[in-house]
Structures are given as structure tokens and as C-alpha cells.
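Written out below as C-alpha cells is the structure these notes cover.
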Amino acid sequence: MDTTKPMTLGYDIRLELYRLQLDLRYCEKRAYDLFLQNLIKGTSHLSLGQEAIAAAFGVAMRPDDLTFCTYRGHAHTLARGASMEGVLGELMGRECGLLGGKGGSMHLTDVSKGAMGSYAIIGAHLPVAAGAAWSAQYRGSGQVTVCFFGDGTTNIGAFHEALNFAVIWKLPVIFVCENNLYMEYTPISSVTAVEHPAADRAGAYGLEKIVVDGNDADAVYRTAVQYLERARSGGGPALIECMTYRHSGHSRADPGQYRPPGELDRWLERDPLKIYRERLLGLGIVEATLNDLEAESMRKVDAATETAKASPAPAVSEIDKNVWADGSTAWRN
Amino acid sequence: MDTTKPMTLGYDIRLELYRLQLDLRYCEKRAYDLFLQNLIKGTSHLSLGQEAIAAAFGVAMRPDDLTFCTYRGHAHTLARGASMEGVLGELMGRECGLLGGKGGSMHLTDVSKGAMGSYAIIGAHLPVAAGAAWSAQYRGSGQVTVCFFGDGTTNIGAFHEALNFAVIWKLPVIFVCENNLYMEYTPISSVTAVEHPAADRAGAYGLEKIVVDGNDADAVYRTAVQYLERARSGGGPALIECMTYRHSGHSRADPGQYRPPGELDRWLERDPLKIYRERLLGLGIVEATLNDLEAESMRKVDAATETAKASPAPAVSEIDKNVWADGSTAWRN
Amino acid sequence: MAELTYREAVAAGIAQEMRRDENVVFLGEDIGAAGGVFKATVGLFEEFGPRRIRDTPISEQAILGAAMGAAMTGLKPIAEIMFSDFLAVCWDIVANEIAKARYMTDGQITLPLVIRTANGAGSRFGAQHSQSVENWAMAIPGIKVVAPAFPADVKGLIAAAVRDPDPVLVFEQKSLYPFKGEVPDGELVDQLGKAKVLRHGKDCTIVALALMVHRALAAAEILEREHGISCTVVDVRSLVPLDTVTILAEVAKTGRLVTIEENPRLCGWGAEIASIVADEIFWDLDGPIIRITTPHIPLPSADQLEDNTIPSVERVVREIREKID
Amino acid sequence: MAELTYREAVAAGIAQEMRRDENVVFLGEDIGAAGGVFKATVGLFEEFGPRRIRDTPISEQAILGAAMGAAMTGLKPIAEIMFSDFLAVCWDIVANEIAKARYMTDGQITLPLVIRTANGAGSRFGAQHSQSVENWAMAIPGIKVVAPAFPADVKGLIAAAVRDPDPVLVFEQKSLYPFKGEVPDGELVDQLGKAKVLRHGKDCTIVALALMVHRALAAAEILEREHGISCTVVDVRSLVPLDTVTILAEVAKTGRLVTIEENPRLCGWGAEIASIVADEIFWDLDGPIIRITTPHIPLPSADQLEDNTIPSVERVVREIREKID
Ligand SMILES: Cc1ncc(C[n+]2csc(CCOP(=O)(O)OP(=O)(O)O)c2C)c(N)n1
Ligand SMILES: Cc1ncc(C[n+]2csc(CCOP(=O)(O)OP(=O)(O)O)c2C)c(N)n1
Ligand SMILES: [Mg+2]
Ligand SMILES: [Mg+2]
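Residue numbers (the working numbering), protein chains in the order written: chain A, 1 to 333; chain B, 334 to 666; chain C, 667 to 991; chain D, 992 to 1316.
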């Protein structure tokens, strides 16, 4: 691939990128509504405003590629093709949930789609992702592993160990830092020694510095294709920092009042869906096509919501299942 | 301080550097002899060949500065002024040992001399050193903390966390990586993504890259003075990589056979004591002066050995002392 | 007497000690400007400022390492680990460094520090944010461990922990943060290592901790009222030091021991107490020792699953009815 | 039957499984070219080469994380953590990730992996390299835990662990590495979750693990010969799953239980077994349950101090003589 010129993207790819961003946005918004109705318990971390990244990778990845993500993982899981009712059902603690209600919002997983789990301890999934990439390399499967995490994650030890490990074994893994400027309530800049918490550290692992506009699905898609291809052909890992912003608070409990006035508004101007819709119109795609996509996405979310709402609570007997591979939880004979 | 010109070192400093290197060398050699006589049990990690670093910092530090080091910490502890009988006694498990026989070779500590402990879990003492520096900053004591560790330590998570932490809080702490090319039996280059495991990562924490000849006590001393002064005056931390080599195996159990033929010989040519003796002679210091220093150092080691040998084993009743500040070990009433 | 919530009692305890001693400092993630993710440290940043209240990066090893280094050089740090589950990412600093430094150095190093952390289930957070891990700490020689059940104990035990010259882990049960209770006005300093007898009975002695104390009390009430079974309830409060004097005396009186533990079964504190009782007052026992614990599984997240996993009042009533006569 | 050392049995067990299954891979620090710091993996690198036997950086989280990621995608990794004390630096990966993945995903993720580690005291290594931490693992739902005492068990249990579809922690007692014993020729695959009765007696049942099994046997010999006290000795072998059937049956027969534990006292596996016995066969007991453990302190390093800290044959004899009649 000639990486000197920007890759030309066809209409089909572009429509797919829009469609997927819509799905992620509408489903996440629905999750928010369901909180307000108290149908979702526990906590929940939304990706509103950050959808371009998950969507671009979702479109760029091969179906058998592997995704690892965090508690803020609804979008990344959906982007691999997990069902909306599976996701919403899990958030609502229903039987139809991806994890039968056992995992909850922070642990969405759909192994059948290559969504290898959402991990809620900061940093832990980076070495796990490296391990999945090692396995792909060992088995010669050609799979690439993509591992998403936040800016705050770059200051924990596991980040460092995983990056070095992936490089020395030349593993087919892409580490994607979604820099949304904040950890929970604390700005990343106030606790990090460098400006770009991921990219400015790439050199420490012999990797190149890559910073991408994370609100521009095309930019993320081009970068994704380039490094997925490189990793797939044995060129080893990459560390990509995507600049973005979350529209809502860190989690359900957070109104986000620590953000300086005007900051959110400026970022809403750069809303990835807004940007992308305008771009498609500029490219001559007729508005009706977009309206159709939007309506179709909303129908899917509505249908999934109904399915999930209709699904019963998991049976209490499920508690005693699936610690072990034999399906049991027995620790004694 | 003008850091553009090399600092001129006076004879007194130079003789002190030689004297201290001799103490470290002779005492460590004695430890080796005592192993062979089976008077030292357990394991032991010698600094033979690496003495210039501990000695240079020992001379450069203020008496109330703080040292943190590893299981390979005999030299660093002695260099702060801990007694030889305390060190040898501890290695031999005697009552006169610095820790009364409770810690052993890997945990030498002499708080009265600012030797704040030897830590045997890779990486753990880096954040602890940062904490001591925080305390000095908070109390306005003007103390600087120096934290020694090996090349292999740069790949563990705690390294990363401590470096970032020290920089963002601008702590008066100097991290000194003694790169002796090997972890236990594995060359650092085979498992690290960059050539200089510490210095090539300094940029990831907004620090400058510093690589020093660790077998040249003057070079280390000059660097130490420069960054100790900077840290003391509020300029924040530094990460210094000292290139060196251990003459013996990793620990007592290791004959060091993984090293390529000729490597040890080349490094023996660059033995810090040999280099330094030649330099002093070249500077016009008469050989008799050096011979006297050598004899004096050997006398000290001999005397310490006798004291330690004469010291009894610690009383069994000591087992039940000093878990808690009240001197007891009680976990119940 | 003021009525405070458990979370307000946390801030009150810390504030009391910070006012008293300039060397008490507090660090952790989002504890300062934001007042903590559980809002348990609201107001401290405003009162004590950024020099003494320090927001940190997500670097738990650095947080506890820094606390350790500061404690050995004159400060009295309080460190927050946001959820107790995260102790796993800095367990080396707790178990291998902080807990062992004093003994290994034969007393040269003393570590007056406190680690506070939010422990336990009930919030639908799933298996990685809901564990009761006080037993991890109890199993490590060299750290003291407390787990208060009431706001007054929270304030008093945090104060005692700060004043104690040794490292103390304070497990705050996150399900109790909204719980309100009377807290005496003025300076309040409790004592580590003291259990409390909250109710006296004749038929069995229930020993419980944190949230389970409340369930034990509720169950005891029902057992008495509806089934004529009269229970002593002991709130352990402090796992290390352990108040075996009180526990053994209360078990000996009724002849029966029931532990109620939120932790998964294996190697819980209840096992330890059971083994002490079965050794030292075996001849006072009138029947089997019962442990009521969360089953030995990770915690599920959906409402009905979580509620049916940790010991409920109903389960305690049922098991005691079945097993104590 | 060949006579192998405990350390040779480690390599034999791993080699047997690597020959059988191409998906078994092995990673850790200095395990390959160097044959391991305890020389327990000598010859594997030569036989299986650098693709399957991988030396790693000092990055324990990466080692276990990599094992986990590989296990969920088709490999059967064996990971070495050099000293069991170092589990603390990667405890999150063990306790929060590996142990919970299967349950949290309701069975979507299965983790056929093995973690081997050198456990225990006796080498004068001091408090950070001598711990017996098998109880840390036992307390975590979702991992299986074995601790063999004999070379044949080492080989057979490592093989069983590799074939098991769930994560298994194998604690190798480092003081036993030079110990020699008969190991059957040919393929050897043991079974997880089975205790072994090594000696039958009438007066009490000693339950022990790893090195303590050898001390229990030696003590039982002396007690029988010199004091006329006849002891059953049960080697627990597997903490999870726990063979309560065998243990309860053997304790019921003698009416007395003595556990011998190398771990510091609080929350040891012996406490768990004591609590099970005191619940389920209380009426079969003829006297107090005795636990003989290392005191609840970090381990000292000097010869006399260390030797007088972990339970010795003499101490076992003395305590049983005093307490069992
Ligand atoms: C080891 C650990 N420490 C702390 C937390 C609590 N925590 C959850 S999310 C979060 C902020 C993470 O920030 P970032 O990595 O930027 O991701 P974002 O939430 O912005 O997507 C924190 C501190 C955790 N889950 N794990
Ligand atoms: C967390 C941890 N992992 C592994 C070890 C075992 N270990 C002790 S020393 C050592 C090598 C350290 O290499 P380096 O940092 O280069 O220091 P050197 O010994 O060369 O001075 C290893 C792996 C340990 N002590 N702690
Ligand atoms: Mg963020
Ligand atoms: Mg080295």
C-alpha cells in the first residue's frame, strides 16, 4: 500500500461507516434513556461522541480479527457485530443479554464475533490482547488483535509491560488509545508527563508516533487499514492515539461539571456524526439516502429495545453455572 | 553550575572516590570468599565490577539524602556509610547484622545513614523512592532521593508508574539504572524494544536522555552532582542510565555461562578500579598513597569479618519481635 | 450527636486528623477536586488544598509506593484505592513491601499509613468491582485490617488508623455509604482490635462484619420475634488485631457460632474464627459451627443474581432456623 | 520406575504434554536457554525450541496476560512465575481477569492455562522470596490450585493441569526441588481434586500439604515409635477442587484433626478445612481441632530464625503429644 497518498474511500465504505456510527450512537442514546427509566442498574460508561473510532475499526477489521475493550465498550462490541438486544439486554440484566446478566455493562463480550471481552480494571486487557495476538502469530491465522483503551490507562504499569512485550515479539496487535482528555473527573494533562499520553510514549517502545483525529471516521479508517495490513503481514504492532471527547459524563453517576465552560460545545461542533453527515452530503450523496439509513438504524434500536424489555430476568439457578468449563461452580467433591 | 564545561575534581574527592570503590570491592570480594566457606547462606548478588556507580553517588550525596536499592545492594548500602560488620554480619545471619539476621543479603537497610532499604521484588522500590522524595519536598528538607535499579527493571510496570509520578509532581528523586547488559541469565537486549532500556524511555516522561559510562567514577560523579543539585533546587527528577557489567554471575548460584566468550575479558579491561587507579597515577598521585589506601581498606574488611564471625546467631526469641511498632508480633488480644 | 451518613463519616474522620496533624496527607484518584467517586471525601480539597490533598494518575502502585516512601520519612499518608478489587494491581506494594518492611529491617522502618478502599457488592457493578477482599489483607502478616459497619465506627476507626504507627487497611463497605447513623460530636478516636457485642442472646452467637452486621441484626430480630431463637450479634470490626477475647467469650456463652461473611467462601475470616473456636473452646460448643457466606464464585451483576448471591437476611434466618435449635 | 528429583519431574511433566500437543507453549523469565533459575525446566528449550519455549522480559503482568489471551484463542500456555511471592505483582491478572473471565462471560471464554510457581521457605531468601501463598489463590473463585509433595505427583499433576480446560495454579515447593522419588515410566496423568491417604492411624488425622507432608510423615513415625500415638496422614495435594470426601472420612475415623501448614496462620487452607470439619462432622470429633502453622509473621532469613519459624518435625511431635491423648 502506498501510504504517502491518502487512501481513496469508496461510497460503499463511506455509507457503511455512517451506518455503523448511527447504530452506535442510537443504541448508546437508548442506553441513556433506559437509565433514566431505571431499567438499567449499576453503572454504565457511554461512548457518545467517540463512535467514529469504534466504527472505523469495525469496518476496517476482518471478521475473524479480535477486539479487546474496556468498561466503555458498548460501541466496540456492537461494532464487531454483536446484537443490539444482546447488548441492551445485558445492560438491563436480562436473560437475552450477551452474558445472561452475569457480566453487566462493563463486561460485554461476544466471542462469536471476535469481541473478546470488556475489561473493567484499567490496563489489564492490554497484555491479554498481546497474548491473543501471540496466539494468532503462533497459529499463523493472520488475525490481527485491536485493543482499545483510554488516555488515563497510559499511566498504569500494564500499559508499559504490554507495549514492550508486543514489540519484542513483533505481535499483530494494534493498541488504540482513545484520548478523550479526561480520566474519570481529572484531566489527563494534569497527571501525565507528556502531552500525548500514548503517542509521545511510542518511541519508548521503538514505535512511531501516531496521532489521529478520532472524530473523523475517514481518518481513523485510513489509519486502521494501514496498520491492520502491516500487522497482518508480519510488520508488528502499532500504537495509535485518537483525539476525541465524550459528550456525557464518565459514567452514569457523573454530570461532568469539572469541564470548563464552552469545552463541550466546541466538541459538539466536532461531533463525529455531524461531521460525517456533512461530508457525505458534500460528496453528493442525497439526503434521502441518509435519512433512510437513520430511520433504519432507529428501527433496529427500537426493535432491540422491545426484545430486551420482553426478555425475563435470568433464572436464579444461573448463579451456580459456568465458573468451570464443565458448567459447574463446584470447589469440592 | 555551568554544565557546559566538565567539572574539575579535586584530589580529595578523587581519593575519596578511590577509597570508597576499594571498600566496596574488597568487602564484596570478602562476601564471595565467605560463600565459598559456606558462612553465608541463601543467595547473594554481588556488585563486583559495578562499584563506580554506588561510590560516585555515595560521595556526591549529602549525608541526609536517601538511597533506595535492590537485592544487589551491598555496595549501595556501604556507600552511604553503613558498617562493614553490619553488612557482612547480616549476610552471615549474625546478631550484629544490620537487620539482626531478619532480612538477609537482599534487604540491607541502615536508616541512620539514609540507606532506606534493599528491595527484592523488581521495580517495587521506584514508587517508594518517589514517595520519600515527595515527603522531602513536602517537609522542605532539601533531601534528594536516589533510587538504583537494573536494566531488567525497566520492563516492569512499577518503573513506568514511578517515572510518570515523579515527573508530574516534580519530585527530588534521581533514578539510576545500572545497565549491566543482563537480567538474571537473559540479555536485556533480547527482551527490550529499545537499545537503552532506561535512557531511550526518558522522553516518555518528558525527561532528557542521559547515558553515562558507569565504570568511570568521575563521569558518574559529575553527572550525580549535576542532577542532585538540580533536584535539590526544585528542578525535579532525572533518569540516568549507567553502562556497566557485573564480573560474577547474577547470584551465588550462577556461573554466568550464558555470556559470550571474551565479553567478560573485555569488561575486565574496563574494571572501574583498574581505570581509576591508572587515572590517579596519571594525575601524579604517588603509588604509595594508593597502596596505603588499599591496605587500609583491606584492614577494615578483615576487622569487620572477624567481628561478624565472632557475633553469635540471633536469639530465637527475636522471631517474635518487630512486626509492629510496639515491638510485638501479636495479631490477637 | 449528629446524624451522618457513612460516606460523610469518612470525610469527617479524615478532616479531624488532618486538622490535628500537618503531616497527614491524602492521595488517590479523583479524591480531591471531585470529592471522590463515592463522594466520601467531599470538602477536603476545599479545606486542605492541593498540597495536602493530591489527585493522582491511574497508577495504584505509585499511589501506595508513594504512601510507603512518605510514611517512612515522616509523613502520615492516607491513600485511597478506589475499589478494593484494584488492590490486586498494587498487591505487591501492600503484601510484599508495606507489610514486611518493619520486620525485615528489624524495626528500622515504621510505616504509619492508612489505605482506604471501597469494598463489597450490591451495586450491580459485576465481578471486578464488587468483591469483599478483606481476607486477602487478613492473610498477610504485617498489616492491620478494619471494616466498620456504622458511621461512628467509620469516623473513629479512621482516626485510630491514622494515629496508629503501623499500616492499616480500612475497608469501607460501598453498599453502606448512604447509611445514616449517630456520630458523637467533637473529637472521636476509636480503638483498633475491639469487637462489639451489639445484641445479647442465648441460643447462638452470630459473628459478622460490615454490611453483614446489619443483616445479622435484622435476622436476629426476626429469629427472636418469629421463631423464638435468641442470638448474640458480634460486630468483628477489626480483623487484625482480632478481638478473640470478646469473640471466644460470646461464643462460649451460647455454645454455638454462626459467621456471616460477604466474601466468597474459601479462606474467609470466618474460617479463621471457626478454627480458633474449634481449637480453644471446643468443649464449650453445643453443636456444629455454621458459616454463611457468598458461594465460592465471582459475583454476577444482574439484580436478581447479585441479590441471591450474597447472604440475605432471609437466608440467614433460614439457615439458623434449620441448624440451630 | 525411574527415580527423579522433584525438579526433574517438573520438566518431565511439561515435556510429556508438549510432545503430545503442539498447542502447549511455555513462557517465563529465564526458563528457556537457562533452564530456569531452579533448573526445573532444563532441556525443554533444546527439545522444543524458541517458538514454543519463550523467555520473557521481567513483566509478570504481561506474562500472565499473554497466557490468558493465548488460552482464550486456542493455545494451552504454561506460564512460570519464578517465585510465588511475585504473584503479587500480577495478582490482578490472576484474581480479577483469569479467575473471572469464564463466569463473567457466562461461559463464552474458557481458559486452559497453567501457572507454575516456586513456593515456600527454607532457602534463607528472606521475606520476599519465601512465602507460601497457595491460600491467596485458594481464596479466589475461578482458579484451581494444586501443591504436590512428591515427584510423581509433580509430573502427574502438571500433566493433569495442562489437560484441564480451566486455569490451574501449580505451587511447586522450592525446598522440595532436590527431593528424589519414584516416578512411573510412560505417560503419567494424575487427577485434580484428589487427596491421598499416606498413612493410617487411630488417634488423629494429620492433614498436610507440600513440604509439610514430609514433616507430617516423619512426625507420625516418631509419634508412633516413641510415644505410641498413631496418626493418619492425608496429603491434600489439591486445594481447589478440595477432596472433602477423603478428608472428612479420615477425620471422622480418628475423631481428631491436626493441620500442618507452612503458611502464616491467618486464613490458611487449614482454617477452611477446620471450618468444614467443625460444621459437617462436628459430632464425630473427639477433641479440639489443632492447627500447626508458621506464626503470622513475615519470614526471617537467618538459619536459626527461619528454621524455628516454619513448622518443624519436632514442633509437630511436641504439639501432637501435648494435645492429643
Ligand atoms: C486499576 C484501576 N484503577 C482505577 C479504576 C477506576 N476507573 C475506571 S475508569 C477510570 C478512568 C479511565 O480513564 P481513561 O483510561 O481515560 O478511559 P475513559 O474512561 O476516559 O474512556 C478509572 C480511574 C479502574 N477501573 N481500574
Ligand atoms: C517481580 C520480580 N520478577 C522477577 C524477579 C527475579 N529476579 C531477581 S533479579 C532479576 C534480574 C534483574 O535484572 P536487572 O534489573 O537487570 O538487575 P541486575 O540483577 O542485573 O542488577 C530477576 C528477574 C524478581 N525479584 N521480582
Ligand atoms: Mg479518558
Ligand atoms: Mg542487569
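Note that beta-carbon positions come from the ideal geometry of N, C-alpha and C, so glycine has one too.
As the structure is a computational prediction, the values presented were derived from the model and not from experiment.
- By the neighbour-count criterion, in which 16 or more other beta carbons inside 10 Å mark a residue as buried, SER1121 of chain D falls on the buried side.
- Placement of the Cβ of ASN180 of chain A at a distance of less than 8 Å from at least one heavy atom of ligand 3 is found.
- Contact annotation: the region 498 to 509 of chain B touches the region 566 to 579 of chain B, with at least three C-beta pairs closer than 8 Å.
- Taking 9 Å as the cut-off, the beta carbon of LEU48 of chain A is found no closer than this to the beta carbon of ARG80 of chain A.
- For ALA465 of chain B and ALA736 of chain C, the gap between their C-alpha atoms comes out near 5 Å.
- If you draw a 10 Å sphere on the C-beta of LEU1290 of chain D, you find 16 or more other C-beta atoms in it, and that means buried.
- By a beta-carbon distance limit of 8 Å, ILE454 of chain B does not contact PHE1141 of chain D. Their separation comes to about 30 Å.
- Taking 9 Å as the cut-off, the Cβ atoms of ALA82 of chain A and ALA968 of chain C do not count as close.
- For ARG358 of chain B, the uninterrupted alpha helix (DSSP H) segment begins and ends at 344 to 369.
- Under the DSSP assignment, ASP546 of chain B falls in the beta strand (DSSP E) whose first and last residues are 544 to 546.
- Under the 10 Å beta carbon count, ASN38 of chain A is surrounded by fewer than 16 other beta carbons and is classified as exposed.
- Boundaries around GLN839 of chain C are those of the beta strand (DSSP E), 834 to 839, since no alpha helix (DSSP H) includes it.
- Counting of Cβ neighbours within 10 angstroms places ASP549 of chain B among the buried residues, the total reaching 16 or more.
- Residue ranges of uninterrupted alpha helix (DSSP H) with 4 or more members, entirely inside the region 729 to 800 of chain C and ordered along the chain, are 767 to 770.
- When rounded, the separation of the alpha-carbon atoms in GLY157 of chain A and LEU496 of chain B is 11 Å.
- Proximity of GLY152 of chain A to chain C, defined by a Cβ-Cβ separation below 9 Å, is satisfied.
- In this structure, LEU730 of chain C and ALA745 of chain C form a Cβ contact; the two beta carbons are roughly 6 Å apart against a cut-off of 8 Å.
- Counting C-beta atoms within 10 angstroms of its own C-beta, ARG599 of chain B has fewer than 16 neighbours from the protein chains shown and is therefore classed as exposed.
- Nearest neighbour of LEU1257 of chain D by Cα position, chosen from C:VAL820, C:THR925, C:ALA940 and C:ILE926, turns out to be C:ALA940.
- With a cut-off of 8 Å, the C-beta of GLY382 of chain B is classified as distant from ligand 4, since no heavy atom of the ligand falls inside that distance.
- For the region 105 to 117 of chain A, the set of positions with a beta-carbon nearer than 7 Å to some beta-carbon of chain D reads HIS107, THR109, VAL111, MET116 and GLY117 in chain order.
- For PHE481 of chain B, DSSP records a beta bridge to B:VAL509.
- Following the DSSP letters along the chain, one finds GLY256 of chain A in no alpha helix (DSSP H), marked with neither H nor E.
- Of all C-beta pairs linking the region 838 to 854 of chain C to the region 817 to 830 of chain C, three or more are shorter than 8 Å, placing the two stretches in contact.
- Taking 9 Å as the upper bound on Cβ-Cβ separation, chain A lies near residues SER789, ARG790, PHE791, GLY792, ALA793, GLN794 and HIS795 of the region 785 to 797 of chain C.
- Counting the other Cβ atoms within 10 Å of the Cβ of LEU293 of chain A gives 16 or more, which makes it buried.
- The region 805 to 816 of chain C and the region 705 to 722 of chain C do not touch, with fewer than three beta-carbon pairs separated by less than 8 Å.
- In this chain, SER1303 of chain D is not harboured by any alpha helix (DSSP H), its DSSP state being neither H nor E.
- The C-alpha of LEU572 of chain B is placed about 44 Å away from the C-alpha of TRP1260 of chain D.
- In terms of CA proximity to VAL461 of chain B, C:ILE759 leads the group C:SER789, C:VAL780, C:PRO814 and C:ILE759.
- Within the region 79 to 153 of chain A, the complete alpha helix (DSSP H) segments of 4 residues or longer fall at 84 to 91 and 125 to 139, listed in chain order.
- For GLY152 of chain A, the shortest C-beta to heavy atom distance toward ligand 1 is below 8 Å.
- For PHE1074 of chain D, the distance from the CB to the nearest heavy atom of ligand 2 is below 8 Å.
- Around the beta carbon of ALA75 of chain A, 16 or more other beta carbons sit within 10 angstroms, so the residue counts as buried.
- Proximity of the beta carbon of THR960 of chain C to ligand 2 is not indicated: no heavy atom of the ligand is located closer than 8 Å.
- Across the region 161 to 178 of chain A, CB contacts with chain B closer than 9 Å involve GLU161, LEU163, ASN164, PHE165, ALA166, VAL167 and ILE168, in sequence order along the chain.
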